Amino acid sequence: MLETWYSFTNAKDERGALVAAEGRKQIPFSIERVYFVYGVGSGVVRGNHAHWDTRQVLVAIQGSCRFTLNDGKQKETILLNDPAKGLLVDCHIWHNMFYFTPGTVLMAFASSHYDEADYVRNYDEFLRCVQSGWVR
Ligand code: TYD
-18 MLETWYSFTN AKDERGALVA AEGRKQIPFS IERVYFVYGV GSGVVRGNHA
32 HWDTRQVLVA IQGSCRFTLN DGKQKETILL NDPAKGLLVD CHIWHNMFYF
82 TPGTVLMAFA SSHYDEADYV RNYDEFLRCV QSGWVR
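Each residue of the sequence shown is one higher than the one before, starting from -18 at the first, in this note's numbering.
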């Protein structure tokens, strides 16, 4: 099972809802970076990479999309459609995002600053990393 979820605080009252998540609590690491993706066309596939070290929690704060998580041995496709639940995309996991519904905003909490050297963007290289146990 590659799927791990974190439930955020969801304070709902007659004024609406407020969702909150804190580093090292509902997010299992210190948050070093936040980014979000929006305006993605319905036929677009994003992601297609893995990370050496970066861990992330992803949440569809508006709308929905699908995620494929792949550790090189098993693959799972998961629906993100709850603004109060975050999906762990751990390091060493090849991932794709697709089937964005119109208006979807996908937010990411990441454990490190952006560094292109942390990416594995070639699938054959990813499989070599899996086989070698991610030893550099
Ligand atoms: P990319 O990794 O291709 O996005 P996705 O994983 O959604 O397919 O990133 C798109 C562009 O944004 C690329 O030029 C790198 C840049 N970028 C940053 O500058 N900072 C960031 O934190 C991230 C995630 C990407």
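Beta carbons are placed, not taken as given, at the ideal position from N, Cα and C, and that holds for glycine.
Since we're looking at a predicted model, the values are computed, not measured.
Given a threshold of 16 other Cβ atoms within 10 Å of its Cβ, counted over all protein chains shown, does residue i qualify as buried or as exposed?
i, result
"Phe17", "exposed"
"Asn103", "exposed"
"Met75", "Before going on, a small fix: residue 75 reads as Trp here, not Met. By the neighbour-count rule (16 or more Cβ atoms within 10 Å), Trp75 is buried."
"Met78", "buried"
"Asn51", "buried"
"Val40", "buried"
"Gly(-3)", "exposed"
"Ser23", "exposed"
"Thr35", "buried"
Got a sec, what are the start and stop residues for the beta strand (DSSP E) residue i sits in?
i, result
"Arg146", "No answer is possible for residue 146: the residues shown for the chain start at -18 and end at 117."
"Tyr(-13)", "Trp(-14) to Ser(-12)"
What residue ranges within the segment 26 to 88 form continuous beta strand (DSSP E) runs of no fewer than 3 residues, ordered along the chain?
-> 27 to 32, 37 to 43, 46 to 51, 56 to 61, 66 to 70 and 75 to 79
Residues with C-beta closer than 5 angstroms to any heavy atom of the ligand TYD, in chain order | Tyr16, Arg27, Gly28 and Tyr95
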